[in-house]
Amino acid sequence: MSRLLGKTAVITGAADGIGYAIAKAMAAEGAHVVMGDIADDKGTAAAAGLRAAGLRAEFHHCDVAEASDIGGLIAAAAASSGRLDILVNNAAIAIGGMPIYEMMDDEWHHLIAVNLTSVFRGCKAALPIMIRQKAGSIINIASVQAHIGLDGWTAYAGAKGAVIAMTRQMAVEFGPHNVRVNSISPGTINTPMNEELAARLGPGLMQSWVGMHPIGRIGEPAEVAEAAVYLASDLAGFTTGIDLKVDGGLTALPRFIPHQA
Ligand SMILES: NC(=O)c1ccc[n+]([C@@H]2O[C@H](COP(=O)([O-])OP(=O)(O)OC[C@H]3O[C@@H](n4cnc5c(N)ncnc54)[C@H](O)[C@@H]3O)[C@@H](O)[C@H]2O)c1
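At position 12 of the sequence shown the residue is numbered 1457 (the working numbering), and the sequence of numbers has no breaks.
Here is the structure:
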């Protein structure tokens, strides 16, 4: 398929999980994907694998908490292909599972740097190029945590809520330049982030997650990637400022949980 033919896409946190699935899906749709991550070996291998499949992919080291890294990643993409059509601010970390009063200041600052300041910096680097081109699509990966409450995740939810608010603001501000800005809020997705959480927070967590989704299962990275491909494509040319929930119905309805006597 060729929904993104001729487009250049930068994706952060693209060595694994949802970011890798987005890179793979966008490359399969004809995009030249420029992948950034701190996991250099994994990212290098992932990009090589896509190239071996005949797709256009390159990997660069990028710690989104470092201003020069994210700026460098976007500059590298613009230099190698002469344009930048798509930016996916995907990289994030999950620090939580504790009451907010137990969170250390350095954990807070690290989470905000990786999950929120990175979005500011990515957009800051990409927007001037997209405005010059009079075209662009920015996709920020948010979370259902921005929409619902869950014990122990105040800081993560705060960062994701801010990502959605920034998305809306930028959609309004840069719409006149034909730059679209949307977010995606995934439900629980089958990625290394959740494998690590399930291992740390105990058995049974996965079953609880499944029970939160009316669709009866957790999601796959490819299902989030498909939403990102749509938002990046010209088919979504009239869609900006939205938060697209890919969450198996999790946020649709508070679930009735029968009382066990
Ligand atoms: N998995 C879920 O259930 C879920 C749900 C809602 C939202 N999300 C969001 O989706 C996005 C991807 O999550 P995931 O589950 O694929 O995560 P993951 O941990 O499985 O993968 C994240 C990738 O980002 C990279 N990364 C981590 N810190 C980085 C940094 N400082 N700079 C650059 N890269 C970095 C990791 O090396 C890894 O390759 C995140 O924004 C996350 O908050 C995930």
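Built from N, CA and C at the ideal position, the CB exists for glycine as well.
N-terminal and C-terminal residue of the alpha helix (DSSP H) that residue i is part of
i	result
K1487	1485-1497
E1641	1637-1646
A1454	Where A1454 is concerned, there is no enclosing alpha helix (DSSP H), although the beta strand (DSSP E) it sits in stretches over 1453-1457.
E1503	Note, E1503: premise wrong, no alpha helix (DSSP H); beta strand (DSSP E) at 1501-1506.
V1533	Unbroken run through V1533 is the beta strand (DSSP E), 1531-1534; no alpha helix (DSSP H).
V1674	1666-1677
D1514	1512-1526
W1598	Here W1598 belongs to no alpha helix (DSSP H), and DSSP marks it neither H nor E.
Y1546	Looking at the DSSP string, Y1546 is not in any alpha helix (DSSP H), and its letter there is neither H nor E.
Q1652	1650-1657
Distance between residue j and residue i (C-alpha atoms, nearest Å)
i	j	result
A1459	G1517	16 Å
L1561	V1608	7 Å
D1514	G1481	9 Å
G1647	E1640	11 Å
V1625	L1676	First, the residue type needs correcting, since residue 1625 is Arg and not Val in the sequence shown. Cα to Cα, R1625 sits roughly 9 Å from L1676.
A1580	G1620	9 Å
M1615	V1589	20 Å
I1557	V1509	11 Å
V1617	D1679	18 Å
T1489	V1674	22 Å
A1498	L1450	16 Å
H1622	G1693	34 Å
C1507	G1603	24 Å
A1587	Q1652	23 Å
P1699	G1527	47 Å
A1670	M1549	33 Å
A1512	T1684	29 Å
I1663	L1650	12 Å
E1665	Y1465	12 Å
V1691	A1570	27 Å
G1567	A1706	52 Å
I1756	E1547	For residue 1756 there is no data in the structure shown, the boundaries of the chain being 1446 and 1706.
L1572	V1559	19 Å
G1704	H1555	Note on identity: in this sequence residue 1704 is His, with Gly being the wrong assignment. Approximately 39 Å, taken between the alpha carbons.
Close Cβ partners of residue i (< 8 Å) along its chain, the five nearest in sequence each way excluded
i	result
I1593	L1695, T1696
K1487	A1460, D1461
S1447	E1474, G1475
I1660	G1693, G1694
I1576	F1619, H1622, V1624
Q1578	R1528, L1529, D1530
T1457	G1464, G1481, D1482, C1507, V1509, I1515, L1518, V1533, N1534, N1535, A1536, S1563, G1567
Reference residue i; option with closest CA among the options
i	options	result
I1583	H1704, R1613, M1446, L1595	R1613
T1524	I1574, C1507, V1533	The sequence given here has Ala at residue 1524, not Thr. The shortest Cα separation from A1524 among I1574, C1507, V1533 belongs to I1574.
L1642	I1519, A1476, I1467, M1543	M1543
P1637	I1463, L1450, T1457, I1456	I1463
G1686	I1660, S1628, R1662	S1628
T1633	N1623, A1667, A1610, G1603	A1667
A1537	P1699, R1577, S1630	S1630
W1654	N1635, L1500, G1682	N1635
D1688	H1704, E1547, A1644, K1605	K1605
A1672	L1572, I1467, T1457, I1456	I1467
A1522	A1644, K1452, R1645, L1595	K1452
Contacting residues, own chain, Cβ-Cβ under 7 Å from residue i (five flanking each side not counted)
i	result
A1484	A1460, D1461
V1564	N1534, N1585, V1608, M1611
G1541	G1597, W1598, A1600, Y1601
E1552	I1540
Sheet register partners of residue i (DSSP bridge)
i	result
G1581	V1624
I1586	I1629
I1634	G1664
Delimiting residues of the beta strand (DSSP E) encompassing residue i
i	result
K1690	1688-1691
G1481	1477-1482
T1685	Run containing T1685: none; DSSP gives neither H nor E here.
Sequence-distant residues of its chain with Cβ nearer than 6 Å to residue i (five each side left out)
i	result
A1502	A1472, V1478, A1492, L1495, R1496
T1599	I1545
M1657	L1695
A1454	M1471, A1476, V1478, I1531
A1681	Y1675
H1505	G1481, L1518, A1521
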